[in-house]
Each structure stands twice: as C-alpha cells, then as structure tokens.
Amino acid sequence: MSQFLWIEDFEGDVKQSFTRSVFGEFLDNTQIPNDSVELKEFLKDYGILVELTFSDALQFIHNPENIFQVDYIILDVDLAVGDADENGLLSDILNIYGYDPQDEESYKVAEKALKKVAGYQLYIELVMGLDFPKDHILFCSNHINELTSLKDAFQRAKIKLPPTPNGKLALSKEKDDSVMLKQWVRERRNNAYSVLRRGIIEGCQHIQKHLTSANILFGQFCKKENGQPVKEVTVQNMHDYLETLRKFLPRREPLDAKLLYKLFVRTLSHEWEDDFSPNNFKKADIPDESVLKRQKTFGWAIKCARNWIYHAQILDELCEDEVAFLFIVAMRAMFKLSDSTETYENILLNLFTDKLQKQELKTLIEQRPDELLSKCSTSYSELLTTYAQVLETKKKLQPLSPTRLDFSSMLKNMQYEDKNNEAQFDYVTGLFQMFWHDLSPMTVKSFTPTQDHQKIFFEYEYDFELNDYGKEDMDSFLFEFARCIYLRAFQRAKY
Numbered sequence: 047m048s049q050f051l052w053i054e055d056f057e058g059d060v061k062q063s064f065t066r067s068v069f070g071e072f073l074d075n076t077q078i079p080n081d082s083v084e085l086k087e088f089l090k091d092y093g094i095l096v097e098l099t100f101s102d103a104l105q106f107i108h109n110p111e112n113i114f115q116v117d118y119i120i121l122d123v124d125l126a127v128g129d130a131d132e133n134g135l136l137s138d139i140l141n142i143y144g145y146d147p148q149d150e151e152s153y154k155v156a157e158k159a160l161k162k163v164a165g166y167q168l169y170i171e172l173v174m175g176l177d178f179p180k181d182h183i184l185f186c187s188n189h190i191n192e193l194t195s196l197k198d199a200f201q202r203a204k205i206k207l208p209p210t211p212n213g214k215l216a217l218s219k220e221k222d223d224s225v226m227l228k229q230w231v232r233e234r235r236n237n238a239y240s241v242l243r244r245g246i247i248e249g250c251q252h253i254q255k256h257l258t259s260a261n262i263l264f265g266q267f268c269k270k271e272n273g274q275p276v277k278e279v280t281v282q283n284m285h286d287y288l289e290t291l292r293k294f295l296p297r298r299e300p301l302d303a304k305l306l307y308k309l310f311v312r313t314l315s316h317e318w319e320d321d322f323s324p325n326n327f328k329k330a331d332i333p334d335e336s337v338l339k340r341q342k343t344f345g346w347a348i349k350c351a352r353n354w355i356y357h358a359q360i361l362d363e364l365c366e367d368e369v370a371f372l373f374i375v376a377m378r379a380m381f382k383l384s385d386s387t388e389t390y391e392n393i394l395l396n397l398f399t400d401k402l403q404k405q406e407l408k409t410l411i412e413q414r415p416d417e418l419l420s421k422c423s424t425s426y427s428e429l430l431t432t433y434a435q436v437l438e439t440k441k442k443l444q445p446l447s448p449t450r451l452d453f454s455s456m457l458k459n460m461q462y463e464d465k466n467n468e469a470q471f472d473y474v475t476g477l478f479q480m481f482w483h484d485l486s487p488m489t490v491k492s493f494t495p496t497q498d499h500q501k502i503f504f505e506y507e508y509d510f511e512l513n514d515y516g517k518e519d520m521d522s523f524l525f526e527f528a529r530c531i532y533l534r535a536f537q538r539a540k541y
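In terms of the numbering used here, the sequence shown is residues 47 to 541.
Below, the structure is given as structure tokens:
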C-alpha cells in the first residue's frame, strides 16, 4: 500500500467522521479513536501519517527522511497555525504575512492571515520548494469560503490551479464529493508503481535497521580458495547496497517505467557477479537441508536475473509484480529474515492481485497433490521440449545427462544457447516456476535409449519430490509467497 500524509486540524468533534469519510474504506469496522494522539498512532498502522497544525506539517515536510516516507498528501485549506518553529521556518513564513518581531500585535494579524491559506502555503513549499509531484496532492475541505481564499492566493501568485477530480479546487468530505474522494484515495493507495516503490523502501529500511554480520547470508554464496572467501562481504557494503536500492525509484512515476525497472533489477542483481553463485553455498553453511534448498532456490533466481540483464532482452518488459518477486527473492537470498512474512513483503505481495486463498493452497497440497504435480510436470515437459529444440537448432542436440535435467539447469543452459530468445520462451515465468521446481525437484527414475529407423530416442522417466511449501504454518513466509505467485507461475505467460 502507498503511504499518505494527511494534514488536517479537525476543528470541532469531527475526528471519527472525517477519518471515516476519507479513509474508512480501508479501516473496515475498526473503532476510530477520538483522541488526536491516539488517532495518529492508530492511522500509522494503515500507512497514514497525520499532522494536525500548519507548523507541525511544515517541520515534517522539511525533514528529508520524513517526506521520503510519503507517497501522497491530503491537505486541508484552513489550518491552525501552531507554534512549532524549529530552524525559524514558521517565523520566515509569518514574515510574508506581515509579522514584525518588534510588534507583538502583528503576530496575531499574520497568524490569522496565514490560517486561511495554510494549505496553499504548504502546497507551495511542497511543489516549488521540495519538487513534490503536484498530482500527488489533493486539497480537501468542507468550507466553501476557504476555497475562495485558496483560489485568490493562487491567482495573486499567478500559479495555475492544481488538478482535481471534480474540476473544482478541492474535494469536500461531505456526501457531494465522497465518491470521488474515496476513489482518489483508493486509486493512489493501490497504484502499482507507488506500492512497488513503497515496498522496496520499507524492505531496505527494515533490513538496514537489523543489519549485522550474523544476518548477512550473501557471503556464503562467495567462491572460496583455501577455505576462505575470495571477496569480503561487510556490513558497510550491504548497507550501502540497500541504500542505493532504497533511493532508486523516484516518487514520480516515469513515462518509461519499464526501462527504470530494468535498471533497478540491474542494480539489484549487480552484486551477483562471477564469484557469487548458489553452487558455492554448502550444507556446512546451513545444516538444515530444507532451508539450504530454499536459499539456493532464491539465489538462482536472482543470479539468473543478473546474467540475463546483461546479455539478453528478457527483462526489458518487466511488470511491477515481477520486479517485486525479484526484490523479495534477492533479499531472502542475501539476508537472514524471519520465517514469517515481513511487513514489506506483504506490501509487495499485494501486487499479485490474482492469488490463491490460503485454504485453497493447503487443500491443493494435501488433498489434490496430483493437480500440483501436473502443473510441475507440464511446465517441466514444456521446458525440456523447448530446450531440445534449441539444441537441435544449434546442432548441439545430444543425450542429456540426468544430472543436467533439473529445471533450473535446463532453464539457465537454454537461455545461454538462446540469447536472442528465438525460441519465444517466457523466461520470466520460468523464474517463477523455478521456485516450485527447485523445492520439488525432479528425479530421473530411468534413462532408456530406443532405436526407431535411423534415429535413437532417449526416454526419461522422472518423478517429483513434492514439497509442502510451508502448509503446516499458513502464516509463514514460504506459504504466503507460494500462494501469491502460484497463478503467476502456472497460469500467465507473456507469449
């Protein structure tokens, strides 16, 4: 979900009704606090930051880290000025409205004048001073006389009026505009680009906050010589890496987002150069075989992305959910995280709008395993057939060793031979399927050559070791991740 800053002074006993009017759609039937401090804490859990006065809002937006946490802003017009004046920001603005420090009465006059157009003044600070996107700001007021003052302020400054859904300068919290107001909030809360950006930011910040050498797994993917890794992975290295990712996506969505996503994935996967590979991750590093298998699975997905981003056009048309997938697996591969789904992962997994219900996946694994095995078998056969065709085209077709018949090996080797994707294979979907296949690996049961006329055919009989994908704990990350990407892996392809 995107994160909002709501600047509203709640004049009168309207905290609950105003909150319900603007954000009620996302609060379910939860009891809304009627105390200002409690309300701020309550809304923070829903991605809504609240400032109650002009001066508090002014201090907030001029703090770089604070404003970085905001995707969209809802502004009241007439605001209590307040008295927070860190660094003299409030005094400087009151001076514009006639405040003279030598004249006490002038303070009240300036404060009264500012109060009427406080929202306008914050808008100017945001758009002209901080380059905040104007279409990410909505004026919301219930008093028509406030709109007159606001309109006059824009006209005096010869500034074009900001865009609004109803063609007026602001939306009302009353019934007349309630549908448009809720639609504006809903569309921005669920905007795919903003959700992706917010999830990445929250993920990087969460990992940075808990970053220690013990929580870094990336070093275990490094090649070793004489028992020692050939490259050092330090806390500072990883902190800098996360900081680069945290600030990579701008708040304003670019016209060519696909290009930006490709550049982001290049940066995300950049650390996975030749000396870092899942092949270097040994059982001695993680004795628990199921955890080891999971880490290597995540590692192969991002390692493939790294190789493909530099040598092919496979990742030129990524969607938001696909970038989210790669970010999630990269963080899981490189850092020690909770067995539960992290908050930032929940944000990113919301981008998968078509997903299985929890009980649906549990039932599929427990009661209808043949259906899941059929999905694995079909996708495996499609890859094997396409790989054989690619090798035949390259005149390299030969019996494939059973040790090279696992899904990941075939996918990697096929792309190496098919750099221009002449096979028209959906390699991105292959990355999603890799999760299912690497955790439920294929085992060759028999390998039989047979002759027909002038050709020799090799028949492979194989089986799958079905993983439980965390079904014993439906709140676990593994289970949540599996249910969110299942349909993307098996029911959507780009070709």
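Glycine is no exception: its CB is placed at the ideal position from the N, C-alpha and C atoms. Fair warning: this is a prediction, and the values are worked out from it, not measured in the lab.
Can you check which of these residues, the options, is closest to residue i by C-alpha distance?
{"i": "W230", "options": "V241, P211, E171", "result": "P211"}
{"i": "L457", "options": "T431, D74, E526, R202", "result": "T431"}
{"i": "E317", "options": "M380, L429, L104, I374", "result": "M380"}
{"i": "M55", "options": "D81, S384, E417", "result": "Residue 55 is actually Asp in this sequence, not Met. Closest option to D55, Cα to Cα, is D81."}
{"i": "R534", "options": "I253, M226, D472, E438", "result": "D472"}
{"i": "I360", "options": "P300, L242, T475", "result": "T475"}
{"i": "M284", "options": "V276, E391, T258, D74", "result": "T258"}
{"i": "D519", "options": "K404, V241, D146", "result": "K404"}
{"i": "P79", "options": "M460, K90, K61", "result": "K61"}
{"i": "Y118", "options": "P415, P333, I53, T424", "result": "I53"}
{"i": "K90", "options": "L51, P179, S420", "result": "L51"}
{"i": "Q274", "options": "S240, E84, D222, D331", "result": "D331"}
{"i": "K401", "options": "F525, I374, D334", "result": "F525"}
{"i": "H108", "options": "L85, E84, L135, K86", "result": "L135"}
Can you tell me whether DSSP reads residue i as helix, strand or coil?
{"i": "M47", "result": "coil"}
{"i": "S420", "result": "helix"}
{"i": "M488", "result": "strand"}
{"i": "S187", "result": "coil"}
{"i": "S224", "result": "helix"}
{"i": "S522", "result": "strand"}
{"i": "T65", "result": "helix"}
{"i": "E468", "result": "coil"}
{"i": "E335", "result": "helix"}
{"i": "L477", "result": "helix"}
{"i": "V96", "result": "strand"}
{"i": "L372", "result": "helix"}
{"i": "D138", "result": "helix"}
{"i": "Q251", "result": "helix"}
{"i": "W318", "result": "coil"}
{"i": "S425", "result": "helix"}
{"i": "K517", "result": "coil"}
{"i": "D198", "result": "helix"}
{"i": "L512", "result": "coil"}
{"i": "Q461", "result": "helix"}
{"i": "L176", "result": "coil"}
Could you tell me how far apart the beta carbons of residue i and residue j are, in whole angstroms, since I believe they sit closer than 8 Å?
{"i": "T343", "j": "F523", "result": "Rounded, the Cβ-Cβ distance is 13 Å, inconsistent with contact."}
{"i": "F510", "j": "M488", "result": "6 Å"}
{"i": "E368", "j": "K304", "result": "Going by Cβ atoms, the distance from E368 to K304 rounds to 11 Å, so no, they are not a contact pair."}
{"i": "L160", "j": "V123", "result": "That pair is no contact at about 12 Å."}
{"i": "V311", "j": "I262", "result": "Between I262 and V311 the Cβ distance is about 21 Å, and since that is not below 8 Å, they are no contact."}
{"i": "G249", "j": "M377", "result": "6 Å"}
{"i": "G245", "j": "Y390", "result": "5 Å"}
{"i": "S218", "j": "N188", "result": "5 Å"}
{"i": "Y92", "j": "L73", "result": "7 Å"}
Taking the Cβ atom as the reference point for each residue, do residue i and residue j lie within a distance shorter than 8 Å?
{"i": "I247", "j": "F371", "result": "no"}
{"i": "D321", "j": "C268", "result": "yes"}
{"i": "L407", "j": "R297", "result": "no"}
{"i": "G144", "j": "S152", "result": "yes"}
{"i": "I94", "j": "F114", "result": "no"}
{"i": "L295", "j": "L306", "result": "yes"}
{"i": "E366", "j": "L395", "result": "no"}
{"i": "S323", "j": "K349", "result": "yes"}
{"i": "Q254", "j": "L309", "result": "no"}
{"i": "F527", "j": "H483", "result": "no"}
{"i": "V276", "j": "K270", "result": "yes"}
{"i": "A358", "j": "K465", "result": "yes"}
{"i": "L168", "j": "L215", "result": "no"}
{"i": "L418", "j": "L512", "result": "yes"}
Beta carbon of residue i: closer than 7 Å to some heavy atom of the ligand ZN?
{"i": "I139", "result": "Looking at this structure, you won't find the ligand ZN or any other ligand, since it has none at all."}
Under 8 Å, Cβ to Cβ, is there at least one residue of chain D near residue i?
{"i": "G165", "result": "Protein chains in the displayed structure number just one, and chain D is not present."}
Does the contact criterion of 3 or more C-beta pairs under 8 Å hold for the segment 47 to 59 versus the segment 235 to 254? yes
Across the segment 152 to 170 and the segment 98 to 105, are there enough close Cβ pairs to call them in contact, namely three or more that are closer than 8 Å? yes
Do the segment 178 to 190 and the segment 199 to 217 touch if we need at least three Cβ pairs shorter than 8 Å? yes
Pairs of beta-carbons, one from the segment 193 to 202 and one from the segment 127 to 134, closer than 8 Å: are there three or more? no
Could you tell me whether the segment 325 to 333 touches the segment 261 to 277, where touching means 3 or more Cβ pairs closer than 8 Å? yes
Is the segment 460 to 471 in contact with the segment 423 to 439, if contact means three or more CB pairs nearer than 8 Å? yes
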